[in-house]
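Enquirer: Input: one structure, supplied below.
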Amino acid sequence: MLFSDIVGQKHIIDRLRFIAQNEKIPHAMLFTGNEGVGKLALALAWAQYINCLEPSEHDSCNVCASCHKFSHLIHPDLHFVFPVYKGSKSNVVCDDFIQEWRDMVLISPYFLSSQWYEVVAEDKGQPTIYADEALEIIRKISVKNYEAKYKIVIIYQPERMHISTANKLLKVLEEPPPFTVFILISSQPELLLSTIVSRCQIIKFPVIDDVSLSQFLEKKFPQYKIQAIHQAVILSGGSLPRSIRTLEQQESTQNYYTLFVQMVRMAYEIKRNKPKTNEQIKWVQQVTQLSKEEQKELLIYCIRFIRDNFMLNVQLKSLVYQTKEEEDFSKNFSRFVPFNTALNVYSHISKAIYHLERNGNPRLVFTDLIYQIAMYF
Ligand SMILES: [Zn+2]
Numbered sequence: 034m035l036f037s038d039i040v041g042q043k044h045i046i047d048r049l050r051f052i053a054q055n056e057k058i059p060h061a062m063l064f065t066g067n068e069g070v071g072k073l074a075l076a077l078a079w080a081q082y083i084n085c086l087e088p089s090e091h092d093s094c095n096v097c098a099s100c101h102k103f104s105h106l107i108h109p110d111l112h113f114v115f116p117v118y119k120g121s122k123s124n125v126v127c128d129d130f131i132q133e134w135r136d137m138v139l140i141s142p143y144f145l146s147s148q149w150y151e152v153v154a155e156d157k158g159q160p161t162i163y164a165d166e167a168l169e170i171i172r173k174i175s176v177k178n179y180e181a182k183y184k185i186v187i188i189y190q191p192e193r194m195h196i197s198t199a200n201k202l203l204k205v206l207e208e209p210p211p212f213t214v215f216i217l218i219s220s221q222p223e224l225l226l227s228t229i230v231s232r233c234q235i236i237k238f239p240v241i242d243d244v245s246l247s248q249f250l251e252k253k254f255p256q257y258k259i260q261a262i263h264q265a266v267i268l269s270g271g272s273l274p275r276s277i278r279t280l281e282q283q284e285s286t287q288n289y290y291t292l293f294v295q296m297v298r299m300a301y302e303i304k305r306n307k308p309k310t311n312e313q314i315k316w317v318q319q320v321t322q323l324s325k326e327e328q329k330e331l332l333i334y335c336i337r338f339i340r341d342n343f344m345l346n347v348q349l350k351s352l353v354y355q356t357k358e359e360e361d362f363s364k365n366f367s368r369f370v371p372f373n374t375a376l377n378v379y380s381h382i383s384k385a386i387y388h389l390e391r392n393g394n395p396r397l398v399f400t401d402l403i404y405q406i407a408m409y410f
C-alpha cells in the first residue's frame with residue numbers, strides 16, 4: 034500500500050510522514066475514527082514506508098524487496114491480529130484465518146467490520162480476539178526481526194480482545210521489545226482499557242472529504258452518473274465502503290421507490306372505496322418475487338421514506354437526504370405524513386418485518402399491509 038493509494042486524509046498522511054522522517058518511531062500507535070475512513074489502509078502504507086529500503090520524501094519506492102513483501106502482505110515481520118470466530122473448535126488463533134484475511138485486505142483494505150464478520154463467522158456468533166492469541170503475540174514479538182527494520186503488529190479492533198489478552202498486551206506495551214511497532218486500529222476506542230490507550234500515540238482520523246471520495250468513485254465506477262455518485266457520497270458519511278455499497282444498491286433502491294409509490298397510491302384508492310384489485314394482485318406478485326432479504330430491505334426503505342416525509346412535514350429538511358425523484362414525490366406527499374400517521378404506518382411496517390422474519394406468508398403479509406396503512410392516507 035502506498036500513500037498515493039489512500040483516498041483523501043492528506044493531513045494524516047503528512048503527519049505520518051513527519052513522524053517517520055523527524056521523530057522517533059513510537060512503539061505503539063492507536064488509529065481511531067469511523068469505519069471505512071482508511072485507518073487500516075494507512076497503517077499498511079505507513080508500515081511499508083518505515084521499512085522501505087529506498088523511500089522518497091513522499092512515498093515508499095514500491096519496488097524494493099521489503100516493499101514487495103509488504104504490498105503482498107507476506108513479509109515475515111508483518112503480523113496481524115483480528116477478531117475471529119471459533120464455533121465449536123478450541124484453540125483458534127488469527128493465523129488459522131490468515132489466508133481469508135489477506136484475500137480480503139488485498140482486494141481492498143477499505144471494508145466494514147461487518148463484511149469481515151460475514152467471512153469469519155457467517156452470522157453464527159460474535160467474532161473475538163480470544164485469550165489464546167496473547168501467547169501467539171508474545172511468541173511473535175520475542176523472536177528477532179527476520180529482515181525488517183521494524184517488526185509491525187497490526188491489531189484490528191483491539192476492543193474485541195479478551196480481557197486476559199488485553200492485560201498481557203499491556204505488559205508488552207510497558208516494556209516494548211526494540212524495533213517493534215504496534216498499530217491498534219479502533220472505531221470504538223472508548224471500549225479499550227485506558228492503560229492501553231495511554232501507552233499509544235493517538236492519531237484521530239476524520240471522515241474522508243467529499244471531493245476526494247467523489248473523485249475516487251468517478252474513476253473506479255465510470256458506469257455511474259455523476260448525480261448517483263454525489264448521492265452516494267452524501268449518504269455515506271465519509272466512509273468509502275459505505276459509499277460503494279450505496280452506489281451498488283442504487284438499482285434496488287430505484288425499484289423500492291417505485292414499489293413504495295405504487296403501494297401508497299393503492300392505499301389511497303382503498304380509502305376512497307375504489308380499490309384497484311388487479312393492480313394489487315400484480316403488485317403483490319412483483320413483491321413476492323423478490324428474495325426474503327430484499328422484501329425486508331423494501332420494508333426498511335419504506336420506513337426510511339415515511340420518516341423522511343415526517344421530517345419534511347415538520348420542516349426539518351436539513352435532516353433528510355433524498356434522490357431527485359424522491360424529493361419531487363415528497364413535495365406533495367409529506368403533507369399527508371404528520372406525526373400520528375408516521376407513527377402508525379411505522380408500526381404496521383415493523384409488524385410486517387416481524388412476520389416475514391418468522392416465516393409469515395409474504396403474499397398475506399404484503400396484502401394486509403396495503404389495507405392497514407390505507408386507514409392513514
Ligand atoms: Zn521500497
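This note's numbering numbers the first residue of the sequence shown as 34 and each following residue consecutively. Glycine included, each C-beta is placed from N, C-alpha and C at the ideal position.
#1: Check whether the Cβ of E87 lies closer than 7 Å to any heavy atom of ligand 1, and answer yes or no.
#2: On the CB-based measure, 16 or more other CB atoms within 10 Å of its CB, does D361 come out buried or exposed?
#3: Can you find at least 3 beta carbon pairs, one from the segment 309-322 and one from the segment 228-236, that sit closer than 8 Å?
#4: Might you give, ordered along the chain, the residues of its own chain that have their beta carbon closer than 8 Å to the beta carbon of L280, omitting 5 neighbours on each side?
#5: Measure how close the beta-carbons of L202 and I170 come, nearest whole angstrom, since I'm counting them as under 8 Å.
#6: On the CB-based measure, 16 or more other CB atoms within 10 Å of its CB, does M408 come out buried or exposed?
#7: Please say whether G71 and I39 have beta carbons closer to each other than 8 Å?
#8: Consult DSSP for K18 and reduce its assignment to one of helix, strand or coil.
#9: Given 7 Å as the limit, tell me if C97 has its C-beta closer than that to any heavy atom belonging to ligand 1.
#10: Report yes if the C-beta distance between F64 and I216 is below 8 Å; otherwise report no.
#11: Determine the burial state of H60: buried for a count of at least 16 other Cβ atoms within 10 Å of its Cβ, exposed for fewer.
#12: Return helix, strand or coil for I107, following the three-state DSSP convention.
#13: For the 8 Å Cβ check, are there 3 or more pairs between the segment 116-134 and the segment 41-49?
#14: Which parts of the segment 163-250 are runs of the alpha helix (DSSP H), unbroken and 4 residues or longer, counting only runs that do not cross its ends?
#15: How is the beta strand (DSSP E) around F410 delimited, first residue to last?
#16: T310 by DSSP, collapsed to three states: which one?
#17: Would you grab the beta carbon distance between F410 and V297 for me? Rounded to a whole angstrom, and I think it's under 8 Å.
#18: Could you check whether L389 and Q446 sit closer than 8 Å to each other, using their CB atoms as the reference points?
#19: With a 10 Å radius around its C-beta and 16 neighbouring C-beta atoms as the bar for buried, classify T291 as buried or exposed.
Expert: On the basis of the data shown:
#1: Correct: E87 has its Cβ closer than 7 Å to ligand 1.
#2: D361 should be labelled exposed.
#3: Touching, no.
#4: These residues qualify, in order along the chain: L250, F254, Y257, A261, I262, A265.
#5: The distance from the Cβ of L202 to that of I170 is about 7 Å, consistent with a contact at the 8 Å cut-off.
#6: So M408 counts as exposed.
#7: Yes.
#8: Nothing in the structure corresponds to residue 18, since the chain is present only between 34 and 410.
#9: The nearest non-hydrogen atom of ligand 1 is less than 7 Å from the C-beta of C97.
#10: A Cβ-Cβ contact shorter than 8 Å links F64 with I216.
#11: Counting Cβ neighbours within 10 Å, H60 comes out buried, since at least 16 surround it.
#12: I107 falls in the coil class under three-state DSSP.
#13: Contact fails between the segment 116-134 and the segment 41-49, because fewer than three Cβ pairs, one in each stretch, are under 8 Å apart.
#14: Annotation note: the segment 163-250 contains the following uninterrupted alpha helix (DSSP H) runs of length 4 or greater, listed N- to C-terminal: 166-175, 196-207, 227-230.
#15: Annotation: F410 is outside any beta strand (DSSP E) and is labelled neither H nor E by DSSP.
#16: In this structure, T310 counts as helix in the three-state DSSP scheme.
#17: Sure, about 6 Å apart at Cβ, within 8 Å.
#18: Absent from the structure is residue 446, since the part of the chain shown begins at 34 and ends at 410.
#19: Classification for T291: exposed.
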